[in-house]
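Numbering (the numbering used here), first residue to last: 26 to 493. Using N, Cα and C, we set each Cβ at its ideal position, and we do this for glycine too.
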């Protein structure tokens, strides 16, 4: 947790932004997350607090609630004192008074008082707002508290409040950037370890287990489910018992979440053997060039959709030079031909969520009313498009993929045949897929790569593999 005044300042900033958007008064109801049972009530998944709750109140205790007065930013915490069963089974927990102090709340009440408190507000016709729930248990909890059917809860979600929350959360304070940088540096250390340690005969799951073990050794958790695979063309492939072999490319997409809740997110691709196969090396060098073109274009006032287009053009130019694409690269990108190889967006915001704030709505977070999401294949998957501002933190993650079923479908339908050399593409399919990902922070003058990164050029990757 940060110092109490940080949470008060954040709530005041939120309420100021809400009022500036024309919502002059009302109450915002926030719920902390609850434990999520795995297969029976007492056997739960590891607890993860709601990120907006962490941002605005900071307590890491389940089932609490809070009301924030939009006009005054006055915050009331609703919490229960730990009972005898809690003391026996979990040990001492912070009292409601301690939680109220640590989050700089103006008052606290018991959870049992919340229903009548809400009834009074509704009877007085005080506008009541919620954030969009993304967990079914929270939908049911809100439904029970408010007497509203779960499918009607959207009527209490005010988009101007969501917009205001995105506005304050997406600009990271120096303290937040420090936390993210810790997460990225620890993530980089894990990636470096796997780069040096992985051997033919490992399973994908062996690598994923090693990632989890290293994160735990740092006192951290994972920021998302690790992608550890020799089938890089499957974008979110879960690790399996598949055995990796010399000649394979191994893709590791993994991140650490530090105790404060902030995330890191990196992807590294390397050969299972000591060196890249020739075609894989050519593509990997191209991918490094694409990354350099994209990160070199970052800066305040730039639209991320234009950074994505810069990366797409660099990719198309390189693939044309290799004979996989043909024609004019700019025209090819305009037609979306490059998306056969690069069907996802270039990046997303990072913070208390690895895809920061997406629980509030992907379009409002990534587009913000500034742009309308494209319907074009590939470009429609771009999560972040809007103008970059100092303090924003985001990933940059170009990739090159040979997805057999996608290639077969496009070829059968003769899609973009003026720009794609399908005969050559089919000869390169054995490369499967690769991605490189870094985390960047926008500054007043440009952008800065976060974390203590290691050199991921083809030559350095091969040197690391050969020395292992």
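With contact defined as three or more Cβ pairs closer than 8 Å, the region 162-175 and the region 138-145 are in contact.
The alpha-carbon of residue 486 is positioned some 14 Å away from that of residue 308.
The beta carbon of residue 62 is closer than 6 Å to those of 69 in its chain, skipping five residues each way along the sequence. Residue 310 and residue 440 have their alpha carbons spaced roughly 27 Å apart. Here residue 149 is exposed, its C-beta having fewer than 16 other C-beta atoms within 10 Å. The residue from 154, 196 and 236 with its alpha-carbon nearest to that of residue 178 is 154. The criterion of a C-beta distance shorter than 8 Å is not satisfied by residue 362 and residue 335. Taking a C-beta distance under 8 Å as the contact criterion, residue 107 and residue 118 qualify as a contact pair.
A straight-line Cα-Cα distance of about 7 Å links residue 422 and residue 316.
Residue 215 is a Cβ neighbour of residue 240, given a cutoff of 8 Å. The Cβ-Cβ distance between residue 444 and residue 436 does not fall below 8 Å. In the structure shown, residue 93 falls within a strand segment according to DSSP collapsed to helix, strand and coil.
Contact between the region 423-430 and the region 449-459 is present: 3 or more CB-CB pairs across the two stretches fall below 8 Å. For residue 102 and residue 237, the gap between their C-alpha atoms comes out near 34 Å. Around residue 83, the same chain offers 26, 32 and 128 as residues with beta carbons nearer than 6 Å, after the five sequence neighbours per side are excluded.
Sixteen is the threshold: when 16 or more other Cβ atoms of the shown chains lie within 10 Å of the Cβ of residue 375, as they do, the residue is buried. By the C-beta density criterion, residue 355 is exposed, having fewer than 16 other C-beta atoms within 10 angstroms. Per the DSSP secondary-structure output, residue 194 pairs with nothing in a beta bridge. For the pair residue 164 and residue 175, the Cα-to-Cα distance works out to about 6 Å.
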